[in-house]
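Have a look at the structure below, then the notes.
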Amino acid sequence: MPNLLSKYVVPGCRVDLQAIDRSKKRGAAEHKIYQSQVIDVLSEDRIEISMPMEKSKLILLPIDGEYDLYFYNDSGLYQCYARVVDRYKNNSLYVLVLDLVSNLRKHQRREYYRFSCALEMNSRRLQEEEVELAGRKEDALIPELPLKSSVIVDISGGGLRFVANYAYEVQSMILCRYCLLINGENKVYNLVGKVLSARELENRKGVFEHRVQYVNVDAAEREEIIKYIFDEERKNLKNHKTDKI
Numbered sequence: 000m001p002n003l004l005s006k007y008v009v010p011g012c013r014v015d016l017q018a019i020d021r022s023k024k025r026g027a028a029e030h031k032i033y034q035s036q037v038i039d040v041l042s043e044d045r046i047e048i049s050m051p052m053e054k055s056k057l058i059l060l061p062i063d064g065e066y067d068l069y070f071y072n073d074s075g076l077y078q079c080y081a082r083v084v085d086r087y088k089n090n091s092l093y094v095l096v097l098d099l100v101s102n103l104r105k106h107q108r109r110e111y112y113r114f115s116c117a118l119e120m121n122s123r124r125l126q127e128e129e130v131e132l133a134g135r136k137e138d139a140l141i142p143e144l145p146l147k148s149s150v151i152v153d154i155s156g157g158g159l160r161f162v163a164n165y166a167y168e169v170q171s172m173i174l175c176r177y178c179l180l181i182n183g184e185n186k187v188y189n190l191v192g193k194v195l196s197a198r199e200l201e202n203r204k205g206v207f208e209h210r211v212q213y214v215n216v217d218a219a220e221r222e223e224i225i226k227y228i229f230d231e232e233r234k235n236l237k238n239h240k241t242d243k244i
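Counted from 1, the sequence shown has number 58 at position 59 by numbering that gives the first Met the number 0; the numbering is strictly sequential.
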């Protein structure tokens with residue numbers, strides 16, 4: 000498969016996996032994304048990765064399972080489809096062997112890629128007059144209205160996911176206020192978002208998970224958020240390599 004895999008994917012780079020839903024049924028639940036790391040590039044169409052883990056529990060992905068793969072490197076994100084062909088234990092390391100079933104391609108919509116985190120956020124539902132002027136950003140927002148606290152659990156240039164001990168109505172418009180470290184300085188973002196979903200967590204009664212899509216983020220802010228995500232990913236990768244030494 001002439002896709003120059005080894006040019007863009009190297010041992011140590013992060014890879015995220017999401018199961019491919021062949022049924023494509025409407026209303027099917029969104030497949031979970033698992034995080035892993037490339038161990039070795041065996042050929043231009045075969046790689047070894049570490050078995051993903053969740054809360055210290057090993058996730059045994061099935062043989063012949065097909066996955067959508069996303070690789071991180073300094074030049075961006077790369078995507079392909081792959082099939083699990085083997086899994087084994089090498090000393091204390093659990094390994095998955097995957098064969099690529101599509102060519103590697105650059106993922107152009109990186110602004111929608113989600114970064115797992117734990118960031119404090121304050122929010123509130125917009126007033127009717129604010130909703131009408133949401134496209135004008137914070138100039139249309141009424142200052143000094145009370146905000147409620149929450150925690151962002153993943154973020155992207157297109158939106159975020161947060162948890163809170165309250166729930167907003169789906170399709171409601173909310174103000175999302177949070178802070179990111181940009182170029183060594185803390186910057187406050189006041190972004191308007193639409194609530195796409197809100198559900199109570201099964202294992203945490205009274206805690207609600209929300210998915211939000213930005214409706215007023217400008218190009219400069221989006222690029223800052225994307226840069227923040229990639230900077231944090233690079234830090235995590237460097238720290239992980241240091242821990243192994």
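Positions of the beta carbon are idealized from the N, C-alpha and C atoms, including for glycine.
Between I154 and R221, the C-beta gap is not smaller than 8 Å, which leaves the two residues out of contact. Short of 8 Å from the beta carbon of E223, and not among the five residues preceding or following it, lie these beta carbons of its own chain, in chain order: L179, I181, K186. Using a Cβ-Cβ distance cut-off of 8 Å, the region 81–101 and the region 34–44 are in contact, since at least three pairs of beta carbons, one from each stretch, lie closer than that value. Counting only residues of its own chain and dropping the five nearest sequence neighbours on each side, Y33 has a CB closer than 8 Å to the CB of D15, L16, Q17, P51, E53, I58, L60. Taking all protein chains shown into account, G183 has fewer than 16 neighbouring C-beta atoms within 10 Å of its C-beta and is therefore exposed.
E127 places its beta carbon 8 Å or farther from that of I141. Sequence-distant partners of L195 (beyond 5 residues in either direction) whose C-beta falls short of 6 Å from its own C-beta, in its chain, are R210, Q212. Comparing C-alpha distances from R123 to each of I62, A117, E143, K147 shows the shortest one belongs to K147. For L4, the enclosing alpha helix (DSSP H) starts and ends at 4–7. If you look at I46, you'll find it in the beta strand (DSSP E) that goes 45–49.
Taken in chain order, no unbroken stretch of alpha helix (DSSP H) lies wholly in the region 84–129 with a span of 4 residues or more.
In this structure Y165 is in contact with F207, their Cβ atoms being roughly 7 Å apart against a cut-off of 8 Å. Within its own chain, no residue has a Cβ closer than 6 Å to the Cβ of K226 once the five positions on either side in sequence are excluded. In the DSSP assignment, the residues bridged to F207 are A163, E199. Excluding sequence positions up to five before and after C116, its CB lies within less than 8 Å of the CB of I151, V152, D153, I154, E231, all in the same chain and listed in chain order. The alpha carbon of L200 has as its nearest neighbour, out of C175, V216, V162, the alpha carbon of V162. Residue state for D39 is assigned as strand, using DSSP reduced to three classes. For K147, the uninterrupted beta strand (DSSP E) segment begins and ends at 147–154. In terms of Cα proximity to Y93, the closest of V9, L144, S49, I62 is S49. A Cβ-Cβ distance of about 6 Å is found for the pair V37 and G11, placing them in contact under the 8 Å criterion.
By the neighbour-count criterion, in which a residue is buried when 16 or more other Cβ atoms sit within 10 angstroms of its Cβ, R13 is buried. A direct Cα-Cα distance of roughly 31 Å separates L95 from G157.
Within the same chain, and ignoring the five residues on either side of L159 in sequence, the residues whose Cβ sits closer than 6 Å to its Cβ are I151, V211. F229 and F70 have their C-alpha atoms roughly 12 Å apart.
Per DSSP, Q170 lies in no beta strand (DSSP E) and is assigned neither H nor E.
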